[in-house]
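Listed in order, the protein sequences are those of chains Z and L.
Residue numbers 1 to 252, in this note's numbering, belong to the letters of the first sequence in order.
Residue numbers 253 to 504, in this note's numbering, belong to the letters of the second sequence in order.
Glycine included, each C-beta is placed from N, C-alpha and C at the ideal position.
Note that the structure is predicted; figures quoted are calculated from it, not measured.
2 protein chains.
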Amino acid sequence: MQTNDTITTQLNHRTVRQFTDQPLDKETLTTLYEVARRTATSQYLQQFSLIHVTDLAKKRRFASICRQPAIAENGDLFIFVADLRRNQQIRRQNGADDGRLHTMDLYLQGMADATLALQNMYVAAESLGLGGVILGSIRNDLKAVTELLDLPAMVIPVLGLRLGVPAEDHEQKPRLPQKLLVMENTYNDVLDEQAYQEFDRTLATYYAERNANARQENFTSLIAGENSTLNEKVTKRDDVLEVTHAQGLLWK
Amino acid sequence: MQTNDTITTQLNHRTVRQFTDQPLDKETLTTLYEVARRTATSQYLQQFSLIHVTDLAKKRRFASICRQPAIAENGDLFIFVADLRRNQQIRRQNGADDGRLHTMDLYLQGMADATLALQNMYVAAESLGLGGVILGSIRNDLKAVTELLDLPAMVIPVLGLRLGVPAEDHEQKPRLPQKLLVMENTYNDVLDEQAYQEFDRTLATYYAERNANARQENFTSLIAGENSTLNEKVTKRDDVLEVTHAQGLLWK
C-alpha cells in the first residue's frame with residue numbers, strides 16, 4: 001500500500017455522531033467551503049449549494065426527522081442540495097426557456113455535484129482532525145426538509161453532513177472485501193459464498209466485541225434478516241419521487 | 253484558511269485528460285481500492301462496485317461513447333456502478349424477496365455510495381500526484397455501457413473516472429464564488445446580478461488567456477447562450493430513465 005497523510009486519513013475513516021460543544025470556527029468553515037467549491041462539477045454547470053443550519057429550532061427539527069437527537073445538541077450541520085435553480089435564473093434573466101433543466105439527466109448531474117462536493121469537504125474536515133456523519137436520513141421526510149430550508153423549485157436536498165470535534169471514538173467497522181467490490185472489464189455475477197461467510201464472521205465479531213451497543217448480527221442478517229431495513233414496507237421515504245417532481249425535477 | 257497536504261491537494265484540483273503511457277501499478281491500485289472501500293456508505297448497505305476497464309476494445313468503445321479519444325490511448329479507466337445486485341443475491345440466497353430494492357430510495361442510496369467512493373478515490377489519487385477526470389459522459393449511451401460491462405439487473409453505471417500520471421498542466425478554472433454556493437439556514441433565492449457579472453468577467457478572462465483552446469465565453473453564455481448544453485433538445489442521454497427501469501431500479 002502507498003501512503004501519505006491524505007490516504008492515512010481516508011483509511012482511518014469512521015463515523016462520528018457525538019461532538020464537543022465547540023462549533024467550527026470561521027476560518028475552518030471558509031476552508032471547507034473552499035474545498036467544496038473546488039470539487040469537480042458535471043459539465044461545469046456547478047449545480048449544488050450547501051446550507052449551513054445554525055438555527056436551533058431548525059436543528060431540532062432535523063434531529064427529529066433524522067432520528068439523531070445529537071443533531072440538536074452538538075456539531076455543525078450542513079445540507080447539500082442539488083441546485084438547478086441558479087442556472088434556471090440565469091436562463092430566464094437572459095430570455096431563455098428552461099431547456100433541459102427538467103430532465104433526469106440534469107437532475108442526476110446536480111445530484112452528483114452535491115454528492116462529490118460533500119465527500120470532498122468531508123475528507124478535508126477529517127484531515128483537520130474533525131469527525132462527521134453523512135445524513136441520508138434527511139429523506140425520512142424530504143418534503144419537511146424542503147420546507148424547512150425554503151427551497152424553491154429546481155432545488156432538492158441530497159444529503160446532510162454533520163461535522164465537529166469528535167467526542168467519541170469507535171472501532172472501525174469492517175467493510176466488504178475488495179474482491180467483492182472491484183472487478184475487471186466485466187461484472188462478476190457469481191455469488192462468492194465463501195467470501196460472504198468470511199465477512200459474516202468478521203462482522204459478527206465486530207458487533208459482539210465493540211464497546212458501545214454490542215449485539216449479535218452479521219451481514220446476511222442485516223441484509224436478509226427479519227429486521228432488515230431492506231424488508232418490504234412503505235415508508236415516508238417513498239415520497240421521494242413525488243417531492244422531486246413537485247420541485248420541478250426529473251420530469252422527463 | 254487552514255491548510256495541510258490534503259487541503260492543498262484539494263484546492264489545487266484541476267481536470268487532467270491526458271496521461272503518460274505509464275499505467276497505475278498494482279500497489280497504487282490496491283491503495284486506491286482500499287480508500288474507495290473505506291468510504292462512508294448509506295445504512296451500511298455498501299451498494300457500489302467499481303469496474304477497472306483494461307481491455308483495449310472496451311476502452312475504444314468508451315472513447316467513442318464519451319467522445320474523449322484519449323480514453324483509448326492512455327490512463328486507467330474505472331466505471332463506478334450503483335450495485336443493488338449483491339444485496340438482492342444475499343436476500344434470494346436466504347429466501348427473502350427483493351424488499352425495498354426496487355424503490356427510488358434504495359436506488360438513490362446506491363447512487364450516493366458510488367459517487368462518494370469515486371470522489372474519495374479521486375482525492376487519494378491526486379494526493380499521490382496523479383491526475384484525473386470524471387466521466388459523466390458515460391450517460392451519452394448508458395445502455396451501451398451497461399451491455400459493454402455485462403451488468404445484470406440491479407446494477408447501473410453512475411460515473412466513470414480516468415486516472416494517470418498527468419501529461420498536461422492546465423490553469424485552474426474559476427468557480428462560482430462562495431457567496432453564491434453557501435447559505436445559512438434558508439435558501440437565498442435573490443439573483444445577485446453583480447456577483448454573476450463579476451464571475452462572467454473572471455471566466456471570460458480565463459477563457460481568453462488560457463493556453464489551450466482559448467475562446468470568447470462567459471458563464472452566462474455557457475448557461476443561456478445559443479450553444480448552451482442546457483438548450484432544449486432530446487439526446488441519447490434521455491434514455492436514462494428507461495435504462496434504469498430496464499435494470500430493475502427506481503420502479504416505485
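- Can you name, in chain order, every residue of its own chain whose Cβ lies under 7 Å from the Cβ of L/Thr258, other than the five neighbours on each side? Counting from one through the second sequence, the residue named residue 258 of chain L turns up at place 6. These residues qualify, in order along the chain: Ser379.
Name the DSSP bridge partner or partners of Z/His52? Within the first sequence, residue 52 of chain Z is the residue found at index 52, counting from 1. Paired residue(s): Z/Phe78 and L/Glu436.
Check your understanding: When the Cα of Z/Asp113 is compared with those of Z/Tyr44, Z/Leu180, Z/Arg14 and Z/Val133, which residue comes out closest?
Key -> Numbered from 1 along the first sequence, position 113 holds the residue referred to as residue 113 of chain Z. With distances taken between Cα atoms, Z/Asp113 lies closest to Z/Tyr44.
> Are the Cβ atoms of L/Met406 and L/Leu353 separated by less than 8 Å?
Replying inline: Walking along the second sequence from the start, residue 406 of chain L turns up at place 154. Walking along the second sequence from the start, residue 353 of chain L turns up at place 101. It is a contact, given that the beta carbons lie within the stated cut-off.
On the CB-based measure, 16 or more other CB atoms within 10 Å of its CB, does Z/Asp21 come out buried or exposed? Mapped onto the first sequence, residue 21 of chain Z falls at position 21. Exposed, because fewer than 16 other Cβ atoms sit within 10 Å of the Cβ of Z/Asp21.
| query | In three-state terms, what does DSSP make of L/Val268? | reply | Counting from one through the second sequence, the residue named residue 268 of chain L turns up at place 16. L/Val268: coil per DSSP, three-state reduction.
message = Could you check whether L/Gly416 and L/Asp277 sit closer than 8 Å to each other, using their CB atoms as the reference points?
response = Stepping through the second sequence from its first residue, residue 277 of chain L is reached at position 25. Stepping through the second sequence from its first residue, residue 416 of chain L is reached at position 164. Their beta carbons are not under 8 Å apart, which means L/Asp277 does not touch L/Gly416 by this criterion.
(Q) Relative to the C-alpha of L/Arg289, which candidate in L/Leu370, L/His304, L/Ala460 and L/Gln468 has its C-alpha closest? (A) Counted from its first residue, the second sequence places residue 289 of chain L at position 37. For the residues L/Leu370, L/His304, L/Ala460 and L/Gln468, the minimum Cα distance to L/Arg289 belongs to L/Leu370.
Chain Z within 8 Å of L/Glu484, Cβ atoms only: Translated into the one-based positions of the second sequence, residue 484 of chain L becomes position 232. Closer than 8 Å: yes.
Query raised in the report: Going by the beta-carbon positions, is the gap between Z/Arg17 and Z/Val133 smaller than 8 Å?
Result: Within the first sequence, numbered from 1, the residue matching residue 17 of chain Z stands at position 17. Within the first sequence, numbered from 1, the residue matching residue 133 of chain Z stands at position 133. Yes, the pair counts as a contact, with Cβ atoms nearer than the cut-off.
Original post:
Since Z/Ala125 and Z/Leu32 are thought to touch, with beta carbons under 8 Å apart, how far apart are those beta carbons, to the nearest angstrom?
Top reply: Residue 125 of chain Z sits at position 125 when you count from the first residue of the first sequence. Residue 32 of chain Z sits at position 32 when you count from the first residue of the first sequence. Confirmed, Cβ separation roughly 6 Å.
| Roughly how many angstroms separate the alpha carbons of Z/Gln68 and Z/Leu142, rounded to a whole number? | Position 68 of the first sequence, counting from 1, holds the residue named residue 68 of chain Z. Position 142 of the first sequence, counting from 1, holds the residue named residue 142 of chain Z. Cα to Cα, the separation comes out at about 16 Å.
Z/Gln51 versus Z/Val234, Z/Glu226, Z/Val145 and Z/Tyr187, residue with shortest Cα-Cα distance:
To locate residue 51 of chain Z, count along the first sequence from 1; it is residue 51. The residue asked about is misnamed: residue 51 of chain Z is Ile in this sequence, not Gln. Looking at the Cα atoms, Z/Val145 is the closest of the given residues.
> For Z/Leu108 and chain L, any beta-carbon pair shorter than 8 Å?
Replying inline: As a position in the first sequence, residue 108 of chain Z is number 108, starting the count at 1. True, the Cβ-Cβ gap to chain L drops below 8 Å.
- [ ] Tell me L/Asp335's beta-bridge partners as DSSP assigns them.
- [x] The sequence position of residue 335 of chain L within the second sequence is 83, counting from 1. Answer is L/Val407, bridged to L/Asp335.
Under 8 Å between C-beta atoms, does L/Ile342 make it to chain Z? Within the second sequence, numbered from 1, the residue matching residue 342 of chain L stands at position 90. L/Ile342 counts as touching chain Z.
key: chain Z contact residues for L/Ile386, given Cβ-Cβ distances below 7 Å   = Residue 386 of chain L sits at position 134 when you count from the first residue of the second sequence. Chain Z residues near L/Ile386: Ala40.
Kindly indicate the opening and closing residues of the beta strand (DSSP E) around L/Ile475. Here residue 475 of chain L corresponds to residue number 223 of the second sequence, with the count starting at 1. Premise fails: L/Ile475 lies in the alpha helix (DSSP H), Phe471 to Ala476, not in any beta strand (DSSP E).
Assign L/Arg312 to one of three DSSP states: helix, strand, or coil. Here residue 312 of chain L corresponds to residue number 60 of the second sequence, with the count starting at 1. DSSP places L/Arg312 in helix when its eight states are reduced to three.
- From L/Arg313, L/Ala460 and L/Asp357, residue whose alpha carbon lies closest to that of Z/Thr229: Translated into positions along the first sequence, residue 229 of chain Z becomes position 229. Closest option to Z/Thr229, Cα to Cα, is L/Asp357.
Below 7 Å on C-beta distance, what does Z/Arg175 contact in chain L? Within the first sequence, the letter at position 175 stands for residue 175 of chain Z. Arg289, Arg290 and Gln298, listed in chain order.
Name, please, each residue of chain L whose Cβ falls closer than 7 Å to the Cβ of Z/Leu116. For the purposes of this step, residue 116 of chain Z is identified with residue 116 of the first sequence, where counting begins at 1. Within chain L, the residues near Z/Leu116 are Thr367 and Gln371.
Requested in this report: At 7 Å on the CB atoms, spell out the chain Z contacts of L/Ile475, in chain order.
Outcome: Locating residue 475 of chain L in the second sequence gives position 223, where the first residue counts as 1. Neighbours of L/Ile475 on chain Z, chain order: Asn87, Ile90 and Arg91.
Worksheet entry | Touch test, the stretch 195-205 of chain Z against the stretch 177-185 of chain Z, Cβ-Cβ under 8 Å, three pairs minimum | yes
* Can you tell me which of L/Ser473, L/Glu484, L/Glu423 and L/Arg266 puts its alpha carbon nearest to the alpha carbon of L/Arg462? => Within the second sequence, residue 462 of chain L is the residue found at index 210, counting from 1. Nearest of L/Ser473, L/Glu484, L/Glu423 and L/Arg266 to L/Arg462, Cα basis: L/Glu423.
Can the beta-carbon of L/Glu484 be found closer than 8 Å to that of Z/Asp83?
Against the second sequence, residue 484 of chain L aligns to sequence position 232. Against the first sequence, residue 83 of chain Z aligns to sequence position 83. Cβ atoms of L/Glu484 and Z/Asp83: not closer than 8 Å.
For the stretch 416-441 of chain L, which residues have a CB atom closer than 9 Å to at least one CB atom of chain Z, in sequence order?
Gln424, Lys425, Arg427, Leu428, Pro429, Gln430, Leu432, Leu433, Val434, Met435, Glu436, Asn437, Thr438, Tyr439, Asn440 and Asp441
>> Distance check for L/Asp421 and Z/Cys66, CA to CA, integer angstroms please.
In response: Residue 66 of chain Z sits at position 66 when you count from the first residue of the first sequence. Residue 421 of chain L sits at position 169 when you count from the first residue of the second sequence. C-alpha separation (whole angstroms): 44 Å.
Mind pulling the chain Z residues with CB within less than 8 Å of L/Ser316? Here residue 316 of chain L is taken as the residue at index 64 of the second sequence, counted from 1. Those within 8 Å of L/Ser316 in chain Z number zero; the least Cβ separation is about 17 Å.
**Asked** Going by Cα to Cα distance, which pick from Z/Thr202, Z/Leu176 and Z/Arg162 is closest to Z/Thr54?
**Response** Numbered from its first residue, the first sequence carries residue 54 of chain Z at position 54. For Z/Thr54, the nearest C-alpha among the options comes from Z/Arg162.
Q. Buried or exposed: which applies to Z/Arg201, given that a residue is buried once 16 or more other Cβ atoms fall within 10 Å of its Cβ?
A. As a working mapping, residue 201 of chain Z is identified with position 201 in the first sequence. Label assigned to Z/Arg201: exposed.
With a cut-off of 8 Å, does the C-beta of L/Ala322 fall near any C-beta of chain Z? Position 70 of the second sequence, counted from the start, is the residue given in the question as residue 322 of chain L. No, no contact with chain Z.
Top-ranked residue by Cα proximity to Z/Ala57, from Z/Val243, Z/Phe48 and Z/Ile71
Indexing the first sequence from 1 puts residue 57 of chain Z at position 57. Closest by alpha carbon: Z/Ile71.
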